[in-house]
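Trainee:
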Ligand code: HAM
């Protein structure tokens, strides 16, 4: 290839709206994701690894034909065999498909599952709103018990606290069940149709009237100020369920605000629904959300089992940590960095570094025969707490010079004690 050919080649960039997590931010990404999964495992949720693409019908039927997610945001394409497939826009529908397909609902209930990974929505990209987004979610399937709702919500709250977040609010409401929602929907529509709504909003009132209550425009807010609310129209069963959830959350010390106008972007919700909102994030303030979806499994052709779950947005939680000036990682790549001077020292250092790793200590070393100054720069760049300098003098004495890069101290340590000694110091 000639130089001019090379010039003609365009630089390829990542697709629009897709965040990438590169070092030194990527360890923070992993720490958040893994902490969320860890908290779920502590409560007995087991990992489930799902396909990244599914039959398009699953989302059309599961997420809802009237949602923006299905009508505007799905990455849908025909595969080479002519089947319509869609990159998963969310996780709940896929979990339910797997539960039905593999009969997971036939054993001990609730089935408790946890998942994480990338999801895809063709949204207009902006800060905190991406086309490839990362979630950690849980689903508890098969028991309609307000105590399970409280567990799920409290677990989301605990997960957010576990990564160090505090500046968020929990909003929740009840969307009623299939016995009281249809009558409320009609009542709300009757109210909305008396208002001078523009054509698009009127159309929305026809398909999904609840969505109109979430309209942010002041003139619509004003018009709908006296609209009937679902919370005032719950049947006894849904009301008792919701009141118990609130009571249990109070017992658990989980702070919440009831927001009767809360609307979620997915159609499957019933009864308890909730959202975690972070005030340091601007427009894309939802850092997690979820709720009950009691009709979903039957709607997908399975047993009529209830379900509740949440998904936490890893990307937005990382932004929230940044906004709160919190971090889960110390920015270091390794804890110990080897600096060998000369061929014999390098041979010995390769062995020491290997032993450190075997002892569970993060360790790396300088390669490429760099001088002392260059190699020490490497130790610094790696964020190492200790540099191990090994030259002819140390080799002769069977020692290694251990430089504490934070305390600016240096000690000689016997070669056969260095692993144990560093383990001890790093644990302090
Ligand atoms: P969701 O509210 O659509 O719920 O998404 C959950 C979280 O994913 C949001 O709170 C947000 O943090 C993050 N998220 C969503 N879209 C984007 C985006 N475009 N860019 C960045 N982050 C985003 C669900 O997905 C449900 N499946 C949750 C659930 C589980 N409900 C019951 N079980």
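Residue numbers (this note's numbering): 51 to 478. Where is the CB? At the ideal position from N, CA and C, for every residue including glycine.
1) For residue 202, I'd like the list of residues in its chain whose CB is within less than 8 Å of its CB, leaving aside the five on either flank, ordered along the chain.
2) Going along the chain, which residues of its own chain have a beta-carbon closer than 7 Å to the beta-carbon of residue 456, five neighbours each way excluded?
3) Tell me residue 274's beta-bridge partners as DSSP assigns them.
4) For residue 453, which of helix, strand or coil comes out of DSSP?
5) Just to confirm the assignment, what range does the alpha helix (DSSP H) spanning residue 423 have?
6) Could you tell me whether any non-hydrogen atom of the ligand HAM is closer than 6 Å to the CB of residue 525?
7) Between which two residues does the alpha helix (DSSP H) containing residue 401 stretch?
8) Could you check the C-alpha separation between residue 280 and residue 366 for me, to the nearest Å?
9) Under DSSP, the beta strand (DSSP E) around residue 234 begins and ends at which residues?
10) Out of curiosity, what's the CA-to-CA distance linking residue 371 and residue 70?
11) Give the secondary structure of residue 320 by DSSP, where H, G and I count as helix, E and B as strand, and everything else as coil.
12) Thinking C-beta only, is residue 459 closer than 7 Å to residue 450?
13) Are there any heavy atoms of the ligand HAM lying less than 6 Å away from the beta-carbon of residue 80, as far as the coordinates show?
14) May I ask you to report which of helix, strand or coil DSSP gives residue 217?
15) Regarding residue 365 and the ligand HAM, is the C-beta to nearest heavy atom distance less than 6 Å?
16) Going by beta carbon distance, what residues of the same chain come within less than 7 Å of residue 111, once the five residues before and after it are set aside?
17) Determine the direct distance from the alpha carbon of residue 127 to that of residue 430, and round the result to whole angstroms.
18) Flag residue 180 as yes when its Cβ comes closer than 6 Å to any non-hydrogen atom of the ligand HAM, and as no otherwise.
19) Considering Cα atoms alone, identify which of 284, 305, 310 is closest to residue 263.
20) Taking all protein chains shown into account, decide if residue 1 is buried (16 or more other Cβ within 10 angstroms of its Cβ) or exposed.
21) For residue 171, verify whether its CB is less than 6 Å away from any heavy atom of the ligand HAM.
22) Residue 247: buried (16+ other C-beta within 10 angstroms of its C-beta) or exposed?
23) I need the DSSP call for residue 358, collapsed to helix, strand or coil.
24) Alpha carbon to alpha carbon, what distance is there between residue 432 and residue 221?
25) Ignore the nearest five residues each way along the sequence and tell me which others in residue 420's own chain have a CB closer than 8 Å to its CB.
26) Could you name the residues that DSSP lists as bridge partners for residue 164?
27) According to DSSP, what are the bridge partners of residue 506?
28) Once you ignore the five residues that flank residue 200 on each side, which residues in its own chain have a CB closer than 7 Å to its CB?
29) Please report how far the alpha carbon of residue 125 lies from the alpha carbon of residue 131, in whole angstroms.
30) Among residues of its own chain, excluding the 5 on either side of residue 49, which ones have a beta-carbon nearer than 7 Å to its beta-carbon?
31) Is the region 224–232 close to the region 372–386, with three or more CB pairs under 8 Å?
32) Can you give the Cα-Cα distance for residue 117 and residue 472, rounded to whole angstroms?
33) Any idea which residues DSSP pairs residue 533 with across the strands?
34) Go through its chain and collect everything with a Cβ distance to residue 129's Cβ below 8 Å, but skip five positions before and after it.
35) Going by DSSP in three states, residue 226 sits in which element: helix, strand or coil?
36) Shortest alpha-carbon distance to residue 345 belongs to which of 318, 164, 363?
Mentor: Considering the structure as presented:
1) 188, 190, 340, 358, 359, 360
2) 435
3) Partner(s): none; residue 274 has no beta bridge.
4) strand
5) 422–431
6) There is no way to answer for residue 525, as the model of the chain reaches only from 51 to 478.
7) 393–408
8) 29 Å
9) Segment 231–242 is the alpha helix (DSSP H) holding residue 234; no beta strand (DSSP E) there.
10) 17 Å
11) strand
12) no
13) no
14) coil
15) yes
16) 349, 350
17) 48 Å
18) yes
19) 310
20) No answer is possible for residue 1: the residues shown for the chain start at 51 and end at 478.
21) yes
22) buried
23) strand
24) 42 Å
25) 428
26) 97, 188
27) This structure leaves residue 506 out entirely; the chain is present only between 51 and 478.
28) 295, 298, 299, 302
29) 17 Å
30) In the structure as shown, the chain starts at 51 and stops at 478, and residue 49 therefore has no counterpart that could be examined.
31) no
32) 56 Å
33) The displayed coordinates of the chain run from 51 to 478. Any statement about residue 533 would go beyond what the structure contains.
34) 135
35) coil
36) 318
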